[in-house]
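If you read the protein sequences in the order shown, they are chains Z and L. Counting from 1, one number per residue, gives the positions in the first sequence under this note's numbering. Counting from 1, one number per residue, gives the positions in the second sequence under this note's numbering. Just so it is clear, CB atoms sit at the ideal spot from N, CA and C, and this is done for glycine as well.
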Amino acid sequence: MRFDTVIVGGGLAGIVAGLKLQKAGKNTAIVSTGQNALHFFSGSFESIQEPPKEILDIFAESGIRLHYSPGVRLMPMGTFAESTLSLEDVSIFPDPKIGRRVLIVNFTGYHDFFSSFLAEGLEKQGMECRIRFLNLGDLTQPDLGPNEMRAVQIARRIDQVWDKLVQEVRVLLKDDDTVVLPQVFGLSDPAIPERIRQGIPARVVFAGTLPPSVPGIRTQMLLKRRYEVLGGTYLMGDRVTGAHVFEDTVHSVVTKHLDRHYLEADHFVLATGSFFSKGLISNPFKIFEPIFELDVDYDPDRNTWYNAGFQEHQPYMKFGVKTDSSLRTFRKGSPVKNLYAIGSILGETHPELGTGAGMAIRSALQVADQILKSEA
Amino acid sequence: MRPDEFDVIIIGGGITGAGTQRDCAMRGLRTLLVERSDIATGATGRNHGLLHSGARYAVNDPESAAECIKENMILRQIAAHCIDESDGLFITLPEDDLGYQQTFVEACLKAGIHAEIIDPDLAKRWEPAVNPDLIGAVKVPDCSVDPFRLCAANMLDAKLHGGQVRLHTDVVGVLKEGDTVTGIRTRNRGTGEERNYYAPVVVNAGGIWGQEIAEMAGVKIGMYPAKGALLIFAHRVNNMVINRCRKASNADILVPGDTVCIIGTTSSRIPLEECRNVAVTPDEVTLLITEGIKLAPRLSSTRILRAYAGVRPLVSADNDPSGRNISRGIVCLDHETRDGVKGLITITGGKLTSYRLMAEIATDLVCQKLNVNKACETAVKPLPGSEEKSYEAVARKIWETPSTAQKAAASRMGTSASRIRTGNRLDEALICECEEVSKGEINAAIDRLEVSTLTDLRRRTRVGMGTCQGEFCACRAAGLLAKAHGCVDKERKDIADFLQERWKGNFPIGWGDTLREAEYTQWVYKHVLGI
């Protein structure tokens, strides 16, 4: 099978690059193992404040509304963080005052939404808080078992009965001006969080839960759907197992399921993530990139990889595949002409691109640009 | 008696201190135990978790070997829920001298240890993980023991016999009138509050830190700090303890324990000042892996979960740089006869396996000083939780058709599992999915086992000990602790401390899946949860 570009990795970086190339009329394929960092997404794009119009468009066309204003957002454990470009679900406030009287609503038996931490954090900022519990079983039957009380399972049930939930919250409301709910809404329909906001006569704030992240999974599904609408080939649940590289050019890649049908392309983009996603592999002796055996920028002395303080910056997070300024990769010291790296596999080798989701998006757009320019 | 007066004060919440408090309390004494940190934080919780048959000491230290086998048999009866009667193998590899096997078996039999030479093929059938190249095998009655559980059960029984416990409390001074010790001065680590407690006898069971306690009373003891490093593997590769049949050396014991297995140890002398913060070095890690693979080659492809090190509280005898030739024997010092300081006893040396005997010896001396004439019963009365031997029977009695999580709870708590609240399905919610620890079990631990932090909770329930190393369960459990203690603010710092403590054991082996997990945990806590 032949494509203009094959992208290895279907996380935020891979799919943004794919979307931009498809929009420009290219024929691309994405090979995705399934899970990626969007499944643990906080709802806010790290290291992006004022967003480029291009990215707002790509997301809007996918049905995802983003917003940014200077200020702070409420974190799941009751602290506040500086605001960044965020999904519409995430409320941004000028300062850490989300209201005067706050009603925090949790589900009985749900331990992944930290209502008591939220209350304590908000009270510290001078707000009055009440915590109330709703029984999921009163809203939807059959009830979830005690070990099914996880974000995605709840989301699958709650989307169908969001209007009932709104009624229940209205009953709980007294003189509260703000309601905090867990981010478990809108998995099947991105409009639901907004409908809940409109149905409750108070300010509604959605606070994060333990992963998996419902807004993250929804974002992933919408971006993928849009990519496919634009004609992209998204190979879900497959894995690139090897590559054919001739001198300085990648000819094709091999996947687990396509067997002998190689994926050939003019350009290849590596977006396989860092250690967690197995874009980089570490053992006691070295750190390597497993698909193309690309050069990796790292310190071979393992004693330098860690900081003993867990919360401190960890040096191993700096390590990434070696690239030039146009994010072209290297193999045995020489550049690979048609293979680019984007997203967290770059580690912190390009600080100008930012970190986290910001780096994923910036590097994806830059490489897509580069590919389009080279063909112009 | 005033509330600050006791018959005996025990310093140190390791297994020796907890065992001594239990024995004293069972003999009717009013007891107080003071521990600067949590139970089992010193050598007690930093070893293999091996209940020695004594075979390892049979050739060089027959006295310790005889003690071990006797205590091993007693503890199987009185501490059933803490012990896995796994049995052990002493294997001879092609590079070892097979001639040593005969010497070894003779020494074992002489010490009363049932050692049986078996065919190497039979050893492979019994223990499929063993190195298939072995040329000799001896079966011995080694077991594995959970030291945290054992320590908690001793502390609990002492409390059930009226004993009082102050954890997270430093001893800042020893009170004396002339040459007589009359009590101690303490400082609570949380509140900073200082208090005096009085008793005619003080037992120093401070392990390696016993030297500092003794100095406060004006007495000199020369401790010999011998560091031992170990690695925990994320799976239970072996079901029997595997030892090398040769002169005791580095990294030649592999012990299965609950869901994991542990290889160790190294042995190196360190200065006393370094005992508070022993770090595992890369050289030690390499040595442990290299030697471990020789016992069970499968370890080469098994994920390593943690590295840790402990300090053996041995008393200096001669000038042996490795510390291996110092007797692991029990040392009980009566400072009245030894140094002319009345009312102070130091109990140290020994091993986890012989803790009960150490406690008995110390308690006998306490009773002698107090003119109490009551016989020791710790060898016959089971610990709370150990009244029944089979955990499956325990589980069936409580739940009729127990789930795997409920069986796991029964295996950890023994008969105490009956204290898990039943009837409310919400209590069955798993807080720690790796180790299958339910909300009910956590609340039962908070109720009875003196839990103030997440790390304390981990020692009592295995929360956060599994493959995810606390990634998800830490904040779930923190929510329960916050509710029980009515204090949320403290829990935020507690989570950070807990994760730091997990990382301390992860980074010395930070590669492969361990590094992936650590990267993910840091991501989740920093960027998603905002801690």
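If you follow the alpha helix (DSSP H) that D143 of chain Z is part of, which residue opens it and which one closes it?
Residue numbering aside, residue 143 of chain Z sits at position 143 when the first sequence is read from its first letter. Element bounds for D143 of chain Z: n/a, residue is neither H nor E.
Rounded to the nearest angstrom, what separates D163 of chain Z and V204 of chain Z at their Cα positions?
As a working mapping, residue 163 of chain Z is identified with position 163 in the first sequence. As a working mapping, residue 204 of chain Z is identified with position 204 in the first sequence. Going from the Cα of D163 of chain Z to the Cα of V204 of chain Z covers about 14 Å.
Taking only beta-carbon atoms, is Q314 of chain Z less than 8 Å away from chain L?
Looking up residue 314 of chain Z in the first sequence gives position 314. Yes - at least one Cβ of chain L is within 8 Å of the one on Q314 of chain Z.
Note down, one range per segment and in chain order, each alpha helix (DSSP H) of at least 4 residues found wholly within the segment 172–231 of chain Z.
Complete alpha helix (DSSP H) runs here, min 4: 192–199, 214–229.
Starting from the beta carbon of M149 of chain Z, find every residue of chain L whose beta carbon is closer than 8 Å, and list them in chain order.
Reading the first sequence from its first residue, position 149 is the one you call residue 149 of chain Z. In chain order: A429.
Which value, in whole angstroms, describes the spacing of the CA atoms of E244 of chain Z and L235 of chain Z?
Within the first sequence, the letter at position 244 stands for residue 244 of chain Z. Within the first sequence, the letter at position 235 stands for residue 235 of chain Z. In the sequence as presented, Glu is not what sits at residue 244 of chain Z; that position holds His. The alpha-carbon atoms of H244 of chain Z and L235 of chain Z are separated by roughly 19 Å.
Check each candidate in L:E471, L:T422, L:G414 and name the one with the smallest Cα separation from E433 of chain L.
The residue given as residue 433 of chain L occupies position 433 in the second sequence. The residue with the shortest Cα to Cα distance from E433 of chain L is L:E471.
Look at the Cβ atom of L74 of chain Z, then the Cβ atom of A207 of chain Z, and state whether they are nearer than 8 Å.
To locate residue 74 of chain Z, count along the first sequence from 1; it is residue 74. To locate residue 207 of chain Z, count along the first sequence from 1; it is residue 207. A contact, by the Cβ cut-off of 8 Å.
In whole angstroms, give me the CA-to-CA distance for P300 of chain Z and A296 of chain L.
Sequence index remark: in the first sequence, residue 300 of chain Z carries index 300 (1-based). Sequence index remark: in the second sequence, residue 296 of chain L carries index 296 (1-based). Going from the Cα of P300 of chain Z to the Cα of A296 of chain L covers about 29 Å.
For a cutoff of 8 Å on Cβ pairs, would you count Q311 of chain Z as touching chain L?
Reading the first sequence from its first residue, position 311 is the one you call residue 311 of chain Z. Yes, Q311 of chain Z counts as interfacial toward chain L.
How long is the line joining the alpha carbons of K337 of chain Z and E168 of chain Z, rounded to whole angstroms?
To locate residue 337 of chain Z, count along the first sequence from 1; it is residue 337. To locate residue 168 of chain Z, count along the first sequence from 1; it is residue 168. Distance between the alpha carbons of K337 of chain Z and E168 of chain Z is about 60 Å.
Which residues bound the alpha helix (DSSP H) around A65 of chain L?
Position 65 of the second sequence holds residue 65 of chain L. Where A65 of chain L is concerned, the enclosing alpha helix (DSSP H) starts and stops at 62–78.
Compute the distance between the beta-carbons of A151 of chain Z and V214 of chain Z, then report whether it is under 8 Å.
In the first sequence, residue 151 of chain Z corresponds to position 151, counting from 1. In the first sequence, residue 214 of chain Z corresponds to position 214, counting from 1. It is a contact, given that the beta carbons lie within the stated cut-off.
Entirely within the segment 176–252 of chain L and at least 4 residues each: give me those alpha helix (DSSP H) ranges in chain order.
210–216
I want to verify the contact list: residues of chain Z whose CB lies under 7 Å from the CB of P297 of chain L, in sequence order.
Your numbering for residue 297 of chain L matches position 297 in the second sequence. Neighbours of P297 of chain L in chain Z, taken as residues at a C-beta separation under 7 Å, are lacking, since the least C-beta distance is about 17 Å.
Along the beta strand (DSSP E) that carries S144 of chain L, what are the first and last residues, could you check?
The count along the second sequence starts at 1 and reaches residue 144 of chain L at position 144. 143–145 is the span of the beta strand (DSSP E), which, as asked, contains S144 of chain L.
Any idea which residues DSSP pairs P70 of chain Z with across the strands?
In the first sequence, counting from the first residue as 1, residue 70 of chain Z sits at position 70. Answer is none; P70 of chain Z lacks a bridge partner.
If the criterion is Cβ atoms closer than 8 Å, does the pair S62 of chain Z and S83 of chain Z meet it?
Position 62 of the first sequence, counted from the first residue, corresponds to residue 62 of chain Z. Position 83 of the first sequence, counted from the first residue, corresponds to residue 83 of chain Z. No, these two residues do not count as a Cβ contact at 8 Å.
Measure from the C-beta of N319 of chain L to each C-beta in chain Z and report whether the shortest distance is under 8 Å.
Numbered from 1 along the second sequence, position 319 holds the residue referred to as residue 319 of chain L. Summary for N319 of chain L: the model assigns pLDDT 46, below 50, so the residue's position carries little reliability; its value from the coordinates is reported in the next sentence. Not flagged as an interface residue toward chain Z: N319 of chain L, since no C-beta distance is shorter than 8 Å.
With a floor of 3 residues, list each beta strand (DSSP E) that falls wholly inside the segment 97–140 of chain L, ordered by position along the chain.
DSSP runs (the beta strand (DSSP E)) wholly in the segment 97–140 of chain L: 116–118, 136–140.
Please state whether the Cβ-Cβ distance between S446 of chain L and A484 of chain L is less than 8 Å.
Within the second sequence, the letter at position 446 stands for residue 446 of chain L. Within the second sequence, the letter at position 484 stands for residue 484 of chain L. Per the sequence presented here, residue 446 of chain L reads as Ile, with Ser not at that position. Their beta carbons are under 8 Å apart, which means I446 of chain L touches A484 of chain L by this criterion.
Mapping DSSP to helix, strand and coil, what is D84 of chain L?
Here the question's residue 84 of chain L lines up with position 84 in the second sequence. Strand at D84 of chain L.
If we call anything under 8 Å between Cβ atoms a contact, is Y355 of chain L one with G19 of chain L?
As a first step, residue 355 of chain L must be located in the second sequence, where it is residue number 355. As a first step, residue 19 of chain L must be located in the second sequence, where it is residue number 19. It is a contact, given that the beta carbons lie within the stated cut-off.
Could you check if A379 of chain L belongs to the surroundings of the ligand GTP, using beta carbon to heavy atom distance under 7 Å?
Questions concerning the ligand GTP fall outside what the structure shown contains, since it holds no ligand whatsoever.
On the three-state DSSP scale, how would you describe S282 of chain Z?
Position 282 of the first sequence, counted from the start, is the residue given in the question as residue 282 of chain Z. DSSP places S282 of chain Z in strand when its eight states are reduced to three.
So with Cβ pairs under 8 Å, would you call L454 of chain L a contact of chain Z?
Within the second sequence, the letter at position 454 stands for residue 454 of chain L. Chain Z contact via Cβ: absent.
Anyone know if the C-beta pair for K74 of chain L and A379 of chain L falls short of 8 Å?
Here residue 74 of chain L corresponds to residue number 74 of the second sequence, with the count starting at 1. Here residue 379 of chain L corresponds to residue number 379 of the second sequence, with the count starting at 1. Inspection of the sequence shows that residue 74 of chain L is occupied by Ile rather than by Lys. Yes; because the gap between Cβ atoms is below 8 Å, this pair is in contact.
Going by DSSP, name the residue or residues bridged to P256 of chain L.
Here residue 256 of chain L refers to the residue found at position 256 when the second sequence is read from its first residue. Bridge partners of P256 of chain L: L:C261.
Return no unless some Cβ of chain Z is closer than 8 Å to the Cβ of Q522 of chain L.
Counting from 1 along the second sequence, the entry for residue 522 of chain L is found at position 522. Closer than 8 Å: yes.
Would you identify the three-state DSSP class for Y298 of chain Z, choosing helix, strand or coil?
Residue mapping note: residue 298 of chain Z aligns to position 298 of the first sequence, counting from 1. Three-state result, Y298 of chain Z: coil.
Contact criterion: CB-CB distance below 8 Å. Does Y306 of chain Z meet it with respect to chain L?
Position 306 of the first sequence, counted from the first residue, corresponds to residue 306 of chain Z. Yes, contact with chain L.
By Cβ distance below 6 Å, which residues in the same chain neighbour C82 of chain L in space, the five residues on each side in sequence not counted?
By 1-based counting over the second sequence, the position of residue 82 of chain L is 82. Non-local beta-carbon contacts of C82 of chain L in its own chain, meaning distances under 6 Å to residues more than five positions away in sequence, involve V145, D146, R149, L150 in chain order.
Looking only at its chain, what residues have a beta carbon closer than 8 Å to the beta carbon of N196 of chain L, apart from the 5 residues adjacent to it on each side?
Numbered from its first residue, the second sequence carries residue 196 of chain L at position 196. The answer, listed in chain order, is D4, L175, G183, I184, R185, T186.
Using 10 angstroms around the beta-carbon of T346 of chain L, count the other beta-carbons present and answer buried if the total reaches 16, otherwise exposed.
For the purposes of this step, residue 346 of chain L is taken as the residue at position 346 of the second sequence. With 16 or more Cβ atoms within 10 Å of its Cβ, T346 of chain L is classed as buried.
Is Q366 of chain Z helix, strand or coil by DSSP?
The sequence position of residue 366 of chain Z within the first sequence is 366, counting from 1. For Q366 of chain Z, the three-state secondary structure derived from DSSP is helix.
Could you name the residues that DSSP lists as bridge partners for G106 of chain Z?
Indexing the first sequence from 1 puts residue 106 of chain Z at position 106. What sits at residue 106 of chain Z in the sequence shown is Asn, not Gly. DSSP, once it has assigned bridges, lists Z:F133 as partnering N106 of chain Z.
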